[in-house]
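Trainee: Going down the list, the sequences are from chains A and B. Heads up: take any position in the first sequence, counting from 1, add 21, and you land on our numbering. Heads up: take any position in the second sequence, counting from 1, add 816, and you land on our numbering. Glycine included, each C-beta is placed from N, C-alpha and C at the ideal position.
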Amino acid sequence: MMTRNLVIVGGGPAGLACAISAYDAGEKDILILEREEELGGILNQCIHNGFGLHTFKEELTGPEYADRYIQQVVDRKIEYKLGATVIDVNNKKQVTYVSKQDGLVTIDAKAVVLSCGCRERPRGAINIAGMRGSGIFSAGTAQKLVNVQGLSVGKEVVILGSGDIGLIMARRMTFEGAKVKAVVELMPYSSGLNRNIVQCLNDFDIPLLFSHTVVQVHGQGRLTGVTIAKVDENLRPLMETAQFIECDTLLLSVGLLPENELAKNADVEISPVTGGGVVDDGMMTTTEGIFQCGNVLHVHDLVDFVSEESALAGQRAVQYIKQGAPDCEKIKIETKNGVRYCVPALLKKDGDFTSSLNFKMRVASVYKNVTLTVFADGVVVAKKKRPIVTPGEMESITFKQEQIKILKTASNVQVSLEGGEK
Amino acid sequence: MRELICISCPMGCHLKVEGDTLENIVVTGNGCIRGVIYAKNEITAPKRMVCGTVKIEGATQPVVSVKTKEPIPKEKIFDCLEQFNQTTIFAPVNVGDVAISNVCGTGVDVVVTKGLAKK
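Structure, rendered in structure tokens:
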């Protein structure tokens, strides 16, 4: 069996940043496995600008951001395989992949990083009544068809879901000469970034209908229209408000799901909230030697944060290869009062107070004038005042060394939203 | 007073803007200097980056992504896109290669954002 020190599953933004930082931390025996025919992952189809302001202090498009990292991988001569699909990872850190070139190969790894991203929720997951005419795409599929394959997907468009991909595609379809008739959002708020509502919808007078959903699709052969309706506070459609919109294309931007079939094979505990693995502050999952980072762990708003998190995963994977896992208790970080989840979910009581520590969180709804508060054994350790928090924008707290010491010796750690209007 | 959401980066700062000329504009709520620049431009002469694709021959894909190197006046977006549609370039291309120079008389070049080798 082939042996490698570090195998990274996925050559998108997470895998690339992880590989570079692992290499720089002293690990030279690295292999990246990428199922597509090029590195860069989803960035290759995200041709809009807005990437990299945190990392590079300039505004890049997706392909440019990917290129910066790919160049660093190439410069370090880190090995990668393209067209290599990983079909299994087990709890003994054995990774099995298939590729045209190599056939079926199993690698015995000292550490495995899963950085395989997420995929879109499909139509089947949201149960829209109607025929199966053509013209219904997930927003990301349409994005790839238009931006990479140069195809046209439709002329009159309705978009369901106001997540970032939906918003970006509203502008993109407008740029391609299509008429976007409406963006329809089930919730009373958008899960997308504010800047995207401004520059993708408002700039082109595209209506954004909150608390609405698509209740039926019409048309055999090709889509001829959709019926939309308002929803009540329980998100049930109010059929008396139903209205027909003529269109030939429906794009679905209804959420992203971490792609965790491989993690499950490796007995990694999956969080029911994020859909990603449960990791400790060293980015290790509940299976020893298997790490996660990027959108496979939890869906991020900004690729910059994916890169940052993945660089940490790379360093910690190398630390594990060199020293093994410390034999220590892990406590669960509790979330309450509107904080939906925290990454990491577990905190090691390993006595390491010098490594950096950062919590990333998402809230359940829109809240104003709240204080994001971290408690250790009931005592406030850190506070961050926020004029507004929304489910669409990830919150983050980075701790100082004295705070890390308190947190990592506590027996109970909680993250909560205090005060404000909910 | 006008409320704007800064689009300079994904933080999307909520800006409060007083005044309506370059000289008297006062911006609050911005996280960095870009917010002030954005508000001034947005009030006096709004600009946008334009990203899209142009046709490419001899590469592994039929189109390649491009962007305006700097933001261009908002009212020229669709003229600029029309230029994208009429342009064909040839592989190989590198990130930063100029695909269209001085697009629509804006003084701004359109550059390739993805390197593609010759097939």
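1) Does DSSP put Thr82 (chain A) in a helix, a strand or coil?
2) If distances are taken between C-alpha atoms only, which option among A:Met415, A:Ala199, A:Lys429, A:Ala263 comes closest to Glu301 (chain A)?
3) With a cut-off of 8 angstroms on the beta carbons, I'd call Val238 (chain A) and Val205 (chain A) a contact; round off their distance for me.
4) Within the chosen definition, does the region 63-74 of chain A reach the region 164-178 of chain A through at least 3 CB pairs nearer than 8 angstroms?
5) Give the interface partners of Gly828 (chain B) over in chain A, defined as CB-CB distance under 7 angstroms, in chain order.
6) Going by alpha carbons, who is nearest to Lys863 (chain B) out of B:Lys890, B:Cys920, B:Ile872?
7) Take the Cβ of Lys381 (chain A) as the centre, count every other Cβ of all protein chains shown within 10 Å, and call the residue buried at 16 or more, exposed below.
8) Buried or exposed for Pro135 (chain A), please, with buried defined as at least 16 other CB atoms from any protein chain shown within 10 angstroms of its CB.
9) Tell me the residue span of the beta strand (DSSP E) that contains Gly124 (chain A).
10) Considering only DSSP beta bridges, list what Asp301 (chain A) is partnered with.
11) Taking all protein chains shown into account, decide if Ile409 (chain A) is buried (16 or more other Cβ within 10 angstroms of its Cβ) or exposed.
12) For Ala346 (chain A), I'd like the list of residues in its chain whose CB is within less than 6 angstroms of its CB, leaving aside the five on either flank, ordered along the chain.
13) DSSP state of Thr270 (chain A), grouped into three classes?
14) Report the residues of the region 834-854 of chain B with a CB closer than 8 angstroms to any CB of chain A, ordered along the chain.
15) Report the neighbours of Asp88 (chain A) on chain B: residues whose CB is nearer than 9 angstroms to its CB, in chain order.
16) Would you say Cys822 (chain B) lies against chain A (beta-carbon separation less than 9 angstroms)?
17) Would you decide whether Phe906 (chain B) is buried or exposed? Buried here means 16 or more other CB atoms lie within 10 Å of its CB.
18) Are the beta-carbon atoms of Lys934 (chain B) and Val880 (chain B) separated by less than 9 angstroms?
19) For Lys892 (chain B), count neighbouring Cβ atoms within 10 angstroms of its own Cβ and tell me buried if that reaches 16, exposed if not.
20) Taking only beta-carbon atoms, is Gly868 (chain B) less than 9 angstroms away from chain A?
21) Can you tell me whether Gly71 (chain A) is helix, strand or coil according to DSSP?
22) With a Cβ-Cβ cutoff of 9 angstroms, do Arg361 (chain A) and Arg383 (chain A) count as a contact?
23) Any idea what DSSP makes of Met190 (chain A), helix, strand or coil?
24) Note down, in chain order, each residue of its chain lying with its Cβ closer than 8 angstroms to the Cβ of Gly440 (chain A), except the 5 sequence neighbours on either side.
25) With a threshold of 9 angstroms between beta-carbons, can Asn65 (chain A) be considered close to chain B, or not?
26) Quick check: the Cα distance between Val924 (chain B) and Ile872 (chain B), rounded to an integer number of angstroms?
27) Look at the Cβ atom of Ile91 (chain A), then the Cβ atom of Leu37 (chain A), and state whether they are nearer than 9 angstroms.
28) Taking the alpha carbon of Thr375 (chain A) as the point to measure from, which residue in A:Ile427, A:Ile291, A:Ser432 has its own alpha carbon closest?
29) Can the beta-carbon of Leu27 (chain A) be found less than 9 angstroms from the beta-carbon of Glu48 (chain A)?
30) Would you tell me roughly how many angstroms separate the C-alpha atoms of Gly276 (chain A) and Asp253 (chain A), rounded to the nearest one?
Mentor: Let's see:
1) strand
2) First, the amino acid is wrong: residue 301 (chain A) is Asp here, not Glu. Among A:Met415, A:Ala199, A:Lys429, A:Ala263, the Cα nearest to that of Asp301 (chain A) belongs to A:Lys429.
3) So it is not a contact: roughly 12 angstroms between Cβ atoms.
4) yes
5) Leu214, Asn215, Arg216
6) B:Lys890
7) buried
8) The amino acid at residue 135 (chain A) is misidentified as Pro; the sequence shows Leu. Flag for Leu135 (chain A) reads buried.
9) 124-135
10) A:Leu367
11) exposed
12) Its chain contains Glu309 as the residues whose beta carbon lies nearer than 6 angstroms to that of Ala346 (chain A), once the 5 sequence neighbours on both sides are disregarded; these appear in chain order.
13) strand
14) none
15) Val911, Thr929, Lys930, Gly931
16) yes
17) exposed
18) The answer is no: Cβ separation not under 9 angstroms.
19) buried
20) yes
21) strand
22) yes
23) helix
24) For Gly440 (chain A), where only same-chain residues beyond five positions count, the Cβ hits under 8 angstroms are Asn390, Val391, Thr392.
25) yes
26) 21 angstroms
27) Contact: yes.
28) A:Ile427
29) At the C-beta level, Leu27 (chain A) and Glu48 (chain A) come within 9 angstroms of one another.
30) The straight-line gap separating the alpha-carbon atoms of Gly276 (chain A) and Asp253 (chain A) is approximately 21 angstroms.
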